[in-house]
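J.: Dropping a structure here in structure tokens format, bear with me for questions.
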Amino acid sequence: MKKLGILSLVVCVTLLFSACQKGNKLNQGNIERDTEKVVEAKTESSQTTVSTSSEIRQEAQTTIAETSEVAAIESNRKWENAYAWSLEQIGSDQTEGHATHYAFYDIDNGSMELITGHAGSDGQMFLASIYYLKSGVSTYLAESYVRSAGGGRAAAIIFTDGIVSQYFWHSGSGNGEAYLYRLRADNSGHDILDQQSFEQIQFPDYQTGRDEVDIQRFDWHTF
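If you count by mature numbering (1 follows the signal peptide of the UniProt record, and there is no 0), then the sequence shown holds residues -22 to -1, 1 to 201, one letter each, in order.
Put into structure tokens, the structure is as follows:
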């Protein structure tokens, strides 16, 4: 009878141990499933955060680009109004070699200058004329041209240090005059820094130590 009791106890303990193992397995399975759900949720949350951050950056970049574009349009409108008379006169000119494009560029004194030009067959821009605001009035400064009749030639160059060179000569003799200009900081006019006569296209060396402004990078508009 005593042996039977011990046997029953062993059986009960065995069954209980088996049940615990099954319970542990069930609990372990539940824990693993719960852990997977948590990881998936965190992954989805992380992906959502990255996606949201990317969208925010893209929206910010778009807003900045749109703001810059609006500012550029407003700036152009301002200077178009300031140079309205010159733009009207130049735009109506149909003589040989007339300007077909215009742009605004601050040469030196904090105020935009009007630069006109025309495009070559390859699309490269060539400078035609430069105007500046003298006490608020559009005023001619320099020009470039090639005359078919009479052989007159002119060339103007804008340098990055705010200096403008101007050359006039006759294609037959090669003789001419050269000037070096600088706009005044108070917009009251311009100063002639140098003036020289030359022969046989022996231009004064105004370019040494200076870099020429790349007009190809201007924001050109058509008349």
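Every residue gets a Cβ at the ideal spot worked out from N, C-alpha and C, and that includes glycine.
Here the structure is a predicted model, which is why all the values come from computation and not from measurement.
1. Between which two residues does the beta strand (DSSP E) holding Ser116 run?
2. On the three-state DSSP scale, how would you describe Arg162?
3. Nearest CA to the CA of Tyr157: which residue from Phe201, Phe82, Glu58 and His168?
4. Please report how far the alpha carbon of Tyr159 lies from the alpha carbon of Gln67, in whole angstroms.
5. Quick one, are the C-beta atoms of Phe104 and Leu92 less than 8 angstroms apart?
6. For Trp63, does the count of other Cβ atoms within 10 angstroms reach 16, so buried, or fall short, so exposed?
7. With distances taken from CA atoms, which of Ile108, Ala49 and Gln72 is nearest Tyr61?
8. Thinking C-alpha only, which one of Ser126, Arg131, Ser149 and Tyr110 is nearest Gly140?
9. Enumerate in chain order the residues of its own chain whose CB-to-CB distance from Leu171 is below 8 angstroms, with the five nearest sequence positions on each side excluded.
10. Nearest to Gly114 by CA position, among Ala49, Ser166 and Gln174, is which residue?
11. Of all the options Gly150, Leu119, Val124 and Glu52, which has the alpha carbon lying nearest to the alpha carbon of Ile136?
12. Which value, in whole angstroms, describes the spacing of the CA atoms of Asp197 and Tyr145?
13. For Tyr80 versus Phe181, is the C-beta spacing smaller than 8 angstroms?
14. Count the other CB atoms within 10 Å of the CB of Thr94; is the residue buried (16 or more) or exposed (fewer)?
15. Count the other C-beta atoms from every protein chain shown that fall within 10 angstroms of the C-beta of Val124, then say buried if there are 16 or more, exposed otherwise.
16. Going by DSSP, what residues sit across from Ser107 in a beta bridge?
T.: To lay it out plainly:
1. That run of the beta strand (DSSP E) goes Val115 to Glu121.
2. The answer is coil: DSSP assigns Arg162 none of H, G, I, E or B.
3. Of the listed residues, the one whose Cα sits closest to Tyr157 is His168.
4. The straight-line gap from Cα to Cα measures roughly 24 angstroms.
5. The answer is no: Cβ separation not under 8 angstroms.
6. Flag for Trp63 reads exposed.
7. The shortest Cα separation from Tyr61 among Ile108, Ala49 and Gln72 belongs to Ile108.
8. Comparing Cα-Cα distances from Gly140 to each of Ser126, Arg131, Ser149 and Tyr110, the minimum goes to Tyr110.
9. In its chain, beyond the 5 residues on either side, Ile141, Leu158, Tyr159 and Arg160 have a beta carbon closer than 8 angstroms to the beta carbon of Leu171.
10. Considering only alpha carbons, the answer is Ser166.
11. Just measuring C-alpha positions, the residue of Gly150, Leu119, Val124 and Glu52 sitting nearest Ile136 is Leu119.
12. About 25 angstroms.
13. Not in contact: Tyr80 and Phe181 (Cβ atoms no closer than 8 angstroms).
14. Burial is judged here by how many other beta carbons sit within 10 angstroms of a residue's own beta carbon; Thr94 has at least 16 and is buried.
15. When all chains shown are included, Val124 counts as exposed.
16. In DSSP, Ser107 forms a bridge with Thr94 and Glu121.
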